[in-house]
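Since the structure comes first, as structure tokens, the remarks are kept for the end.
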Amino acid sequence: MRHADILNKLDEIIYVVDMESYELLYLNRAARSLCAGERETLGRKCYKVLQGRDEPCHFCPVDNLRDDVFHCWEYANLKFGRHFLVRDKIVSWRGRKARLEVAVDVTRQQREKECLERRLNIKSTVMKCVRLLEQTSDDEPLTDLLALVADFYMADRAYLAACRPCGERVPQVREWHAPGVPSRGDELRRWCKEGHAAWREARERIVIAGPAGEEDFASVVSPPGVDAFMSVPVEWGDGRGSGARAAVGYLGVDNPRHAFGDTSLLESVAYVVRNWEERRLLRRYLEGLSFTDVLTGLGNRNRYTAALEAVRGAPGSDVGVAFVDINGLKALNDRFGHDYGDRLIVKVARILKTVFEDCVFRTGGDEFVVLCRDMSQMEFSARVERMLALFKAAPDCVVSCGSAWKGALQDVDRLVRYADELMYAEKQAFYKTRVGQRSLHHSSLLEETLLSLKKREFLVQLQPKVRLDSGRLVGVEALVRKRDAGGLIPPDRFIPLLESEFLIRHIDFFVLHTICSLLATWRRAGATLVPVSVNLSRITLMERGIVGKVADVCDCYRVPHSYIDLEITESVDKLSLESLTEISERFREEGFSISLDDFGARYCNMSILTRIRFNSVKIDKSIVDGICRNERARIVTKHSIEICNELENARAVAEGIETQGQLDVLRSLHCHYGQGYLFSPPLDIDVFEARYLSPSAFRVPLPTNSGS
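Per numbering that gives the first Met the number 0, the very first residue in the sequence shown carries number 0; after that it's consecutive.
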């Protein structure tokens, strides 16, 4: 068998080249297959056929060849896109000095090697990024981190751009670019915030090669010199595990010359940056908690101490100090509950922050301090006057205040003590006059209330309670209003004040007398009667002999007790559960029905349902409002209705039904009773009588699309 036949059977690529002329003298089958696209091969230059070059290859090892041993080397063939391991030696080919080359295609092995090296480089780069971020908690290491990323990809530019999901903040951009390469900071901010919000939210990697030939590419990276780019999404939460995204954006590189298309390093670095940023946010949050009053959001005593220390460290400043203390907060908490006290504290804090911005600190339960640095006496005094005017305009915010200002201050502690003493003196004056003023105020308010009742400024309105399936009238709620020259005044404008002065009983009994008189009139006229609900304040419930007093009123008008439904609120926190249970049972023994009003308005005190036998439980409007759009509200309503249906003689009544959707949901939850503006608003007595008193009109019209 000839040598050529043997070589043709081998899988290796074998060819023979003239040493002087570079002409191809022989190619075996594998070599011819590699050059299948060439029309002619023999006699042509090896560098033209095999390398696609016009002149001898600079890497050709012709000067290193010998005739007694093979010379081994590797190279990447750009024409064929393959990697070869080559063995060369000098041979005599048909009388001509020639070069025998045996090439083995090691492309797969080379790619595996490059992939492994790339993975190792990625791991090394990621570890460098981790160490870099661990060294500090500020933003400075991000630029150095981007330099590492750009170095790995041999890129012109690397950047991290992120903004809050709703875009209300200017995007934060960190960028590294090679010397001579212009910054893209402004464009990156614009892209992140405006032009490509959809891409930002898509949370997918982007790999685009240009230049500017594709419309999408041109619209994204239009500046000259950017021929390709890669980016991956990056986002981080608030660090508190709430699930909320604090920021979202992307990490990218421009013109990557190495590992183009491989975004694994970008993805790993994005993960590292996310963890670092979330830890940093959590650290800031925890630090903020230690310096922030949770209730008001103001600086707490720790922050005040730090601010005071800063003033001590910079003597010579113009400083203003004000102490503000809420008068009688403990008594208010005892009388109205701590929720009321908290709302008052927040209101005082809001007024102070409106005037003094970030110079306000809450240093105790009812105590605030204002510490203004580098502020003129005129401005500080003007702000104090504005603060006092705002407090005067808020009657429920009764405070004592002491303020002092000093220019070129040397001893801030002395100024603080002086302002505190002024506040204390004002507080003492308040408490000295409080008893006399309270007595005078109480007498004046009592006289005013009794006069209003005599002048019939208080009136009762009636709102129907209906069967949700048929619209049949099943009851009425009596609601008290006050009328003045400006029109009707809602109860939340006068009832809290009357409760605080223990005068609400006059209103409660006015309503009871009005309803009993109405029922007696309707009964004499032969009208069909339904129970009427009357609210009893917690203050009235605390009266000695209250059950007998209510019964006496009904008996005076000869109204059966069964037509009076007494509503008590879930939040009667001035009465213990034991006292409330005892009073409720005594009312039931007298034949009155008892309803639990505003169930779920403040909290869900389930124990009250286990102790008191209510005839009905009124699900508060605040829950009904959400049943169409809030699954949790629907679940709470569903189970509340089920509890009522299973309790003896306790029916669920939904308050504040205003839409057809709410009605449909309540029906689907097997709630049979309700009231609200969908059926009828509260009506004056004469309007109610004309509309509902006759037997033929003893039905509330349901909405036309209700399907009933």
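Ideal placement from N, C-alpha and C gives every residue a C-beta, glycine not left out.
*Please name the residue, chosen from 470, 643 and 29, that lies closest to residue 101 on a Cα-to-Cα basis.*
29
*Would you be able to state if there are at least three C-beta pairs under 8 Å between the region 283 to 293 and the region 143 to 161?*
no
*Would you mind giving the Cβ-Cβ distance between residue 649 and residue 618, rounded to the nearest angstrom? I have them listed as a contact below 8 Å.*
Contact check for residue 649 and residue 618: beta-carbon distance about 12 Å, past the 8 Å limit, so the pair fails to qualify.
*In chain order, what residues of the same chain lie with their CB nearer than 8 Å to the CB of residue 594, ignoring the 5 residues before and after it?*
For residue 594, where only same-chain residues beyond five positions count, the Cβ hits under 8 Å are 532, 564, 565, 566, 567, 613, 614, 615, 616, 617 and 652.
*Mind reading off the beta-carbon distance from residue 346 to residue 396? Whole number of angstroms is fine, and I expect it under 8 Å.*
6 Å
_C-alpha distance - residue 403 paired with residue 336, whole-angstrom precision_ = Near 34 Å, if we compare the C-alpha coordinates of residue 336 and residue 403.
*Would you mind giving the Cβ-Cβ distance between residue 250 and residue 227, rounded to the nearest angstrom? I have them listed as a contact below 8 Å.*
With 8 Å as the limit, residue 250 and residue 227 do not qualify as a contact, their Cβ atoms being about 16 Å apart.
*Which parts of the region 17 to 100 are runs of the beta strand (DSSP E), unbroken and 3 residues or longer, counting only runs that do not cross its ends?*
23 to 26, 70 to 76 and 81 to 92
_Please classify residue 391 as buried or exposed, where buried requires at least 16 other C-beta atoms within 10 Å of its C-beta._
exposed
*Do three or more CB pairs link the region 148 to 155 to the region 255 to 263 at distances below 8 Å?*
A contact exists between the region 148 to 155 and the region 255 to 263.
*Rounded C-alpha distance that separates residue 292 from residue 510*: 44 Å
*Taking Cβ to Cβ, would you say residue 56 is nearer than 9 Å to residue 46?*
yes
*Starting from residue 171, follow its DSSP beta bridges and name the residues at the other end.*
161
*Own chain residues within Cβ distance below 7 Å of residue 436, not counting five before or after*: Here residue 436 scores only 47 on pLDDT, less than 50, and its place in the model is too uncertain to base an answer on.
*Is residue 572 helix, strand or coil by DSSP?*
Since pLDDT at residue 572 reaches only 47, below the 50 mark, its modelled position is unreliable, and no value is offered.
*asked:* Am I right that residue 95 and residue 24 are in contact with their C-beta atoms under 8 Å? What's the rounded C-beta distance?
replied: 7 Å
*Counting only the same chain and skipping the five closest in sequence on each side, list residues whose C-beta sits under 7 Å from that of residue 460.*
Close CB contacts of residue 460 within its chain, under the 7 Å cut and outside five residues either way in sequence, are with 478, 480, 681, 682 and 683 (chain order).
*asked:* Can you give me the C-alpha to C-alpha distance between residue 631 and residue 622, rounded to a whole angstrom?
replied: 10 Å
*Give the single residue among 386, 133, 187 and 301 whose Cα lies nearest to the Cα of residue 271.*
133
*Examine the Cβ distances between the region 451 to 467 and the region 665 to 674 and report whether three or more of them are shorter than 8 Å.*
yes
*asked:* Just to confirm the assignment, what range does the beta strand (DSSP E) spanning residue 722 have?
replied: Only positions 0 to 707 of the chain appear in the structure, and residue 722 is not among them; the question remains open.
*What's the C-alpha gap between residue 131 and residue 121?*
15 Å
*asked:* As a quick exercise: from 381, 304 and 112, pick the residue whose alpha carbon is nearest that of residue 367.
replied: 304
*residue 418 and residue 406: beta carbons closer than 9 Å?*
Not in contact: residue 418 and residue 406 (Cβ atoms no closer than 9 Å).
_Where the beta strand (DSSP E) containing residue 650 begins and where it ends_ = 650 to 653
*Could you check what DSSP says for residue 201 in three-state terms: helix, strand or coil?*
The predicted model places residue 201 with a pLDDT of 49, which falls under 50 and marks its position as unreliable; any figure quoted below should be read in that light. DSSP places residue 201 within a helical segment (H, G or I) once states are collapsed to three.
*State the Cα-Cα distance for the pair residue 628 and residue 665, rounded to the nearest angstrom.*
13 Å
*When the Cα atoms are used, what is the spatial distance from residue 530 to residue 562?*
Whole-angstrom Cα-Cα distance: 4 Å.
*Measure the Cβ-Cβ separation of residue 639 and residue 586 and say whether it is below 9 Å.*
Their beta carbons are not under 9 Å apart, which means residue 639 does not touch residue 586 by this criterion.
*Determine contact between the region 71 to 82 and the region 105 to 123, defined as no fewer than three beta-carbon pairs at a distance below 8 Å.*
yes
*Since residue 567 sits in a beta bridge, which residues does DSSP pair it with?*
In the DSSP output, where bridge partners are listed per residue, residue 567 has 595.
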